[in-house]
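To convert a position in the sequence shown, counted from 1, into the working numbering, add 8. For reference, the structure discussed in these notes is given below.
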Amino acid sequence: MTASQSSKMPSPVSPDTLRSLVEHRAQSTPDDIFVIFDNLAGPVITRSYGDFERAANRTAHLLRDLGVLPASKVCLLLENSLEFLTLWFASTKIGAVIVPVNTAVAPAELEYLVKHSESALIFTQSAQVETALQVSQRCPGARAVMVCGPGAPTSSTSMADLMAAHPESPPSGPKPTAADEAAIIYTSGTTARPKGVVVTHANYIFAGNTVARSIRMTPNDRHLMVLPLFHANAQYYSTMSTLVTGSSLALVARFSASRYFDHAITHNCTISSLFAAPIRMLLAQPRRPELKANSLRVVLFAQNITASQLTDWHQRFEAPLLQLGGMTETIGPPLMNPLSGERRNMSVGRAVAGYKTELVDDTGTAVPRGQLGQIVVRGVPGHSLMRGYFKDPDATAAAIRNGWLWSGDTARQDAQGYVHFVDREKDVIKRAGENIAASEVEAVIREHPGVFDCAVIGVPDAIRDEAILAVVVANDETAVTAEAIITWCRQRLARFRVPQFVRFRSELPRTAVGKIQKHVLRKEIQP
9 MTASQSSKMP SPVSPDTLRS LVEHRAQSTP DDIFVIFDNL AGPVITRSYG
59 DFERAANRTA HLLRDLGVLP ASKVCLLLEN SLEFLTLWFA STKIGAVIVP
109 VNTAVAPAEL EYLVKHSESA LIFTQSAQVE TALQVSQRCP GARAVMVCGP
159 GAPTSSTSMA DLMAAHPESP PSGPKPTAAD EAAIIYTSGT TARPKGVVVT
209 HANYIFAGNT VARSIRMTPN DRHLMVLPLF HANAQYYSTM STLVTGSSLA
259 LVARFSASRY FDHAITHNCT ISSLFAAPIR MLLAQPRRPE LKANSLRVVL
309 FAQNITASQL TDWHQRFEAP LLQLGGMTET IGPPLMNPLS GERRNMSVGR
359 AVAGYKTELV DDTGTAVPRG QLGQIVVRGV PGHSLMRGYF KDPDATAAAI
409 RNGWLWSGDT ARQDAQGYVH FVDREKDVIK RAGENIAASE VEAVIREHPG
459 VFDCAVIGVP DAIRDEAILA VVVANDETAV TAEAIITWCR QRLARFRVPQ
509 FVRFRSELPR TAVGKIQKHV LRKEIQP
């Protein structure tokens, strides 16, 4: 960190668009570090706020030359890279809209996303270029495929070659407003097509300020960012909180369990963000006492881990965890544990300033504390909540009702107001008249010493509607049996919650940020 970063104190951010925010940072602290990029192979690259602004300007001029207009959609099929960050903010400088896409996407899925979003260009890297080229040929609206980084085939165009001749001055013309669209982020589809969450400039600014205030960020902080940039978490929580506070990012090409804490120590990081699956992967690594030398003061996380894993984490790494609850549609996290005071990390915390949350029944009536209800979040569409789903007014109307966003998450609230996530509403198992939260069964199974991870799903049962199936990843394939898992559950769960079937798998199907894809398990597994 530079001397100017260490001497500054945080101040409220007045810029209300991504363009004005980046320009504010470049003008006020041009030499301060914005991003350190570690691609895990070559040399580490550092960019100041001034450097980044100049690169974004050049890229904005390039996009203009390629025919990108205000409201044009630009598909980013990219891993974590400086190019991703540059294209994101270059697009928003000229009022264009990014469409970030998971790089593991299948060709048919990519075709749908490009067509539905009306993307005019696809930016990708060498590993995905053939897929992108095939899809662009089937999508008349996608005029070109641009390749970032080395290894571009002769049939495609390199972004670096085209950028060189463009000026570093800010692009002229109309500037975006806070209410303008900045991104369309598609949620993962299960039984239906993915829905495109429309994110405005104001949304991004709100997300950054919400996280920064909640964890008291200053310009001295540095985020270790290992989650994929194409996901809302890395954009909302890490990148935007960095920009609104003038702090810095250590951006890593991808998550590496064996090197995560080495990166934290090497790059002097103070903040990070993870999900449950990476946390379990880190706990599965060999013990290295020297990793306690990290400077992480808070590690945000989402998705449930066990109480024993929480204890193990703190004993091994001394990097304080803080669980929160949010989704792409809520923009910022509406629920967080407090930075100071009692932190109940088996819960997703309490309502964050700027949001109001309630647990309600199917009629929208608030349920008493201790009872199950769906989390609903009060906010302003286009500011503290998504504007809506792209080209899907029916889905938007179903999700946002009278200013309340219905999350689809079932939870209960304890006496002190902490919200405990129970399950996605669609993952509740209905067995012989009982509603069974899969997450509660999973929590018990994960405590078994022979279990690394598990997922619990409902499968058809001719008599009881659904039977309970546990899909288990063992610590050692020979260490645990199906009978042992069922016996373990019988000793700890009511009879109607005990799984009837156990299947073993070497790993669970997951999204890019570690969420278990239960729809995949339902399709492939029969008891």
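Heads up, the beta-carbon is just placed ideally off N, CA and C, and yes, glycines get one too. If you're wondering where the values come from, they're calculated on a predicted model, not measured in any experiment.
Check                                                                                                                                                          : Outcome
Which residue from Val252, Gly334 and His322 puts its Cα closest to that of His32?                                                                             : Val252
CB of Ala361 to nearest heavy atom of the ligand COA: below 8 angstroms?                                                                                       : As presented, the structure is devoid of all ligands, the ligand COA included, so that no description of it is given.
Should His209 and Thr336 be called a contact, given that it needs their Cβ atoms to be closer than 9 angstroms?                                                : no
Would you kindly check if the distance between the Cβ of Val122 and the Cβ of Ser144 is under 9 angstroms?                                                     : yes
So the candidates are Thr67, Ser316, Asp320 and Val113; which of them puts its Cα closest to the Cα of Ser177?                                                 : Thr67
Looking only at its own chain, which residues have a Cβ that is under 7 angstroms from the Cβ of Glu366, when we skip the five neighbours before and after it? : Ala374 and Val384
Going by DSSP, what residues sit across from Tyr194 in a beta bridge?                                                                                          : Gly204
Express the C-alpha separation of Arg472 and Glu298 in angstroms, rounding to a whole number.                                                                  : 53 angstroms
Going by DSSP in three states, Lys123 sits in which element: helix, strand or coil?                                                                            : helix
Are the Cβ atoms of Gly411 and Pro389 separated by less than 9 angstroms?                                                                                      : yes
Just verifying my parser: in three-state terms, what is the DSSP assignment at Gly340?                                                                         : coil
Could you work out which residue in Ala292, Asn211 and Asn302 is closest to Pro23 when comparing CA atoms only?                                                : Asn211
Give the range of the beta strand (DSSP E) segment to which Gln421 is assigned.                                                                                : Trp412 to Gln421
Any chance you could list the alpha helix (DSSP H) runs of at least 4 consecutive residues sitting entirely within the region 266–294, in chain order?         : 268–274 and 284–291
Please report the straight-line C-alpha distance between Ala240 and Val488, rounded to a whole angstrom.                                                       : 37 angstroms
Using the C-alpha atoms, what's the distance from Asn65 back to Gln382?                                                                                        : 44 angstroms
Determine whether the beta carbon atoms of Ala445 and Lys526 lie at a separation below 9 angstroms.                                                            : no
For Arg221, count the other beta carbons within 10 Å of its own beta carbon; 16 or more makes it buried, fewer makes it exposed. Which is it?                  : buried
Could you compute how far the alpha carbon of Ala63 sits from the alpha carbon of Thr94?                                                                       : 7 angstroms
Could you pull the start and end residues of the beta strand (DSSP E) that Val4 belongs to?                                                                    : Lying before the first or after the last residue shown, residue 4 is absent from the chain, which here runs from 9 to 535.
Less than 8 angstroms between the CB atoms is what I'm expecting for Ala285 and Val307, so what's the real figure, rounded?                                    : Their Cβ separation, rounded to whole angstroms, is 14 angstroms, which puts Ala285 and Val307 out of contact at 8 angstroms.
Is the region 249–269 close to the region 425–436, with three or more CB pairs under 8 angstroms?                                                              : no
Considering only the beta carbon of each residue, do Thr218 and His231 sit closer than 9 angstroms?                                                            : no
Mapping DSSP to helix, strand and coil, what is Arg352?                                                                                                        : coil
Where does Cys497 sit, in a helix, a strand or coil, going by DSSP?                                                                                            : helix
With DSSP collapsed to three states, give me the class of Phe309.                                                                                              : strand
Pick helix, strand or coil for Thr489, following the three-state DSSP scheme.                                                                                  : coil
Where does Asp402 fall in DSSP's three states?                                                                                                                 : helix
So which of Pro236, Ala272, Arg352 and Cys83 has the shortest CA-CA distance to Arg262?                                                                        : Pro236
Among residues of its own chain, excluding the 5 on either side of Thr139, which ones have a beta-carbon nearer than 6 angstroms to its beta-carbon?           : Pro115
Can you name the start and end residues of the beta strand (DSSP E) that Arg513 belongs to?                                                                    : Taken as a continuous stretch (DSSP letters only), Arg513 belongs to no beta strand (DSSP E), as it is neither H nor E.
Tell me whether Gln382 sits in a helix, a strand or coil according to DSSP, three-state version.                                                               : strand
Rank Gly149, Gln317, Val113 and Tyr120 by C-alpha distance to the C-alpha of Ala128 and give the top, closest one.                                             : Gly149
Using the Cβ count rule (16 or more neighbours within 10 Å means buried), how would you classify Leu516?                                                       : buried
Could you check whether Phe92 and Phe283 sit closer than 9 angstroms to each other, using their CB atoms as the reference points?                              : no
Unbroken beta strand (DSSP E) runs of length 3 or more, entirely within the region 24–52: which are they?                                                      : 41–46
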